[in-house]
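Student: Note that the numbering used here gives residue 489 to position 111 of the sequence shown, counting from 1, and the numbers run on in steps of one.
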Amino acid sequence: MYEPHFFLRGCEIITNFDGNEIDNGCWYCIVKIREHVYTVLAYDHTCDSEDKPFVVNCDWSFIATAQGGIANIGFFAECEEFENLEEAFYYMVKEPSRYYQNSTNYVRIVDKDSPEEVYGWKEGCGLIEGIAFIKEHEDWFTGKTMQIVLADKTVLYQRKVS
379 MYEPHFFLRG CEIITNFDGN EIDNGCWYCI VKIREHVYTV LAYDHTCDSE DKPFVVNCDW
439 SFIATAQGGI ANIGFFAECE EFENLEEAFY YMVKEPSRYY QNSTNYVRIV DKDSPEEVYG
499 WKEGCGLIEG IAFIKEHEDW FTGKTMQIVL ADKTVLYQRK VS
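Printed below as a string of structure tokens:
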């Protein structure tokens with residue numbers, strides 16, 4: 379599975395599998411980002427696209443139905459295919475617009491034990507930029523649990539640097 383762990387607290391997540399048991403040939407995970415806006419990660423190794431079975435559909439205008447399906451009320455903005463799950467998740471979090479509301483589309487890098495101390499950009503940065511910054515400066519953060527947080531302190535990424 380993809381490391382690091384991304385926290386999707388506060389998001390509604392709809393799947394066609396229970397827990398971590400993904401044993402059928404086709405599965406999906408729908409994350410509700412905001413009203414009528416969803417990001418979909420789908421996997422299908424039963425079709426012709428064996429080489430790129432992971433598909434990310436961003437900013438779909440869909441509504442989840444009571445039967446577990448989705449009803450189309452619009453169209454999707456982007457679709458990308460990937461060879462592996464890591465690349466697909468990376469793409470899902472690459473652009474701030476995919477997960478963040480307007481005016482909160484930046485993140486801050488903090489030490490979990492000292493959240494008032496901000497590293498890197500005081501004005502905030504993108505999630506992928508923040509992860510790269512932590513990796514680049516691991517010598518600074520050795521022994522610390524680093525977090526990347528939204529302005530409202532929602533944790534999107536956490537890593538213990540050893």
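Positions of the beta carbon are idealized from the N, C-alpha and C atoms, including for glycine.
#1: Report the CB separation of residue 489 from residue 531 in whole angstroms; it is logged as a contact under 8 Å.
#2: What is the DSSP secondary structure of residue 513, reduced to helix, strand or coil?
#3: Between residue 536 and the rest of its own chain, which residues show a CB-CB distance below 6 Å, the 5 nearest in sequence each way excluded?
#4: In whole angstroms, what is the alpha-carbon distance linking residue 491 and residue 538?
#5: To the nearest angstrom, report how far apart residue 461 and residue 511 are at their CA atoms.
#6: Comparing alpha-carbon positions, which option in 534, 540 and 527 lies nearest residue 518?
#7: Note down the Cα distance separating residue 485 from residue 508, rounded to an integer number of angstroms.
#8: Could you tell me which residues DSSP puts in a beta bridge with residue 527?
Tutor: Here's the rundown:
#1: So it is not a contact: roughly 13 Å between Cβ atoms.
#2: helix
#3: 525
#4: 11 Å
#5: 26 Å
#6: 540
#7: Rounded to the nearest whole angstrom, the CA to CA distance from residue 485 to residue 508 is 8 Å.
#8: 486 and 533
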